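Residue numbers (my numbering): 27 to 352. For reference, the structure discussed in these notes is given below.
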């Protein structure tokens, strides 16, 4: 969404564990109000809107208000996040079914709706739990009490599919302690089942050479941005000057670098260089001496000149070479 025009209204209604700044009722009312004003409204969600996203509730509100709508299905986190951690949620001859649960059901007042007893007795299923960091100890205890093998492979994945992804693979019995030891925090998703044992062998995402790098590239990034992504970097292409949408995307996660080709780009990005997403790892990757000189003048702590760029793939190659000793 970085390329949204500046006139597009943005309404932040995101939720975090234990922090829902905009109640669901207000979100529903906002959708109706904006639509009644004749605006085209996009309700953007992470993952699939109909999988623990409350999209069904919001669609019912729109239907009751006689507002036409369209629902676009997406890849749900229950499939995508384990994939990026090397875990296939099904595996021939090992896993033949997948159960997606909201982990909050484990501590729900009045008793959970999830049949943990049945899940614990199925040796050929995968359990994927949304919003599961804080409630995993209770869930593990319930499954163990219902007879699940304590050695069942299990994993917790934090901020899956992003440059900030971290994960730990253990057993059902030991995973709660492993999460504490590794310091994993919400948002996170857990996976329990036989196919978790493939995680180390099938981990393709975090093994790419530029994994954990989040690089801001002035749009259009072109082939250089494509090659950075193929090398594993999370590339954030942003228009200059930045739009409100671009600022929201840039500030969502810690950034590690910016790619500059001229001093004007440095000046524009420098106006945005504040806040927690601009950390100590930030590198100004400069493909011209003029850009590098300007970055130094403005006080960038680390400036790297990558001047012998003949082909788009050279940018990714040189970035990898400079970061080789990290």
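Built from N, CA and C at the ideal position, the CB exists for glycine as well. Model, not experiment: these values are computed from the prediction.
Asked	Found
Span separating the alpha-carbon of residue 222 from that of residue 116	10 Å
Inter-residue Cα distance where the pair is residue 89 and residue 96	11 Å
Cutoff 7 Å; reference residue 294; Cβ partners in own chain excluding five residues on either side	266, 267
Contacts around residue 159, its chain only, beta-carbon distance under 6 Å, and the 5 residues preceding and following it disregarded	212, 214
Reduced DSSP secondary structure (H/G/I, E/B, other) of residue 155	strand
As assigned by DSSP and simplified to three states, the class of residue 352	The predicted position of residue 352 is uncertain, since its pLDDT is 48 and thus under 50; a value taken from the coordinates is nonetheless stated next. Coil, per DSSP.
Cβ neighbours of residue 275 in the same chain (closer than 8 Å, five flanking residues each side left out)	27, 28, 262, 264
Helix, strand or coil at residue 240 [DSSP, three-state]	strand
Minimum C-alpha distance to residue 69 - residue among 56, 62, 63	56
Selection from 291, 210, 273 that minimises the alpha carbon distance to residue 319	291
Beta-carbon gap between residue 287 and residue 303 smaller than 7 Å	no
Residue from 269, 184, 317 with nearest C-alpha to residue 434	This structure does not reach residue 434, given that the chain is present from 27 up to 352, and the question cannot be answered.
Stretch pair the region 237-256 + the region 170-187: three plus CB contacts closer than 8 Å	no
Whether residue 77 touches residue 154 by CB criterion (7 Å)	no
Beta-carbon spacing of residue 60, residue 270 below 7 Å	no
Beta-carbon proximity of residue 196 to residue 204, cut-off 7 Å	yes
Check whether residue 220 and residue 121 have beta carbons under 7 Å apart	yes
8 Å contact criterion, which residue 112 and residue 201 should meet: CB distance rounded	No, residue 112 and residue 201 are not in contact; Cβ-Cβ is about 16 Å, not under 8 Å.
Rounded distance between the beta-carbons of residue 107 and residue 151, thought under 8 Å	That pair is no contact at about 18 Å.
Straight-line Cα distance separating residue 311 from residue 345	8 Å
Within 7 Å, strictly: CB atoms of residue 379 and residue 250	It is not possible to answer for residue 379, since the shown part of the chain is limited to 27 through 352.
Nearest-angstrom beta carbon gap, residue 243 and residue 279 [assumed within contact, 8 Å]	About 15 Å; that fails the 8 Å criterion.
Cα-Cα separation, residue 81 to residue 129	18 Å
Residue burial classification, residue 259 (beta-carbon count within 10 angstroms, cutoff 16)	buried
Segments of 3+ residues assigned as beta strand (DSSP E) that fall wholly inside the region 288-325	304-312
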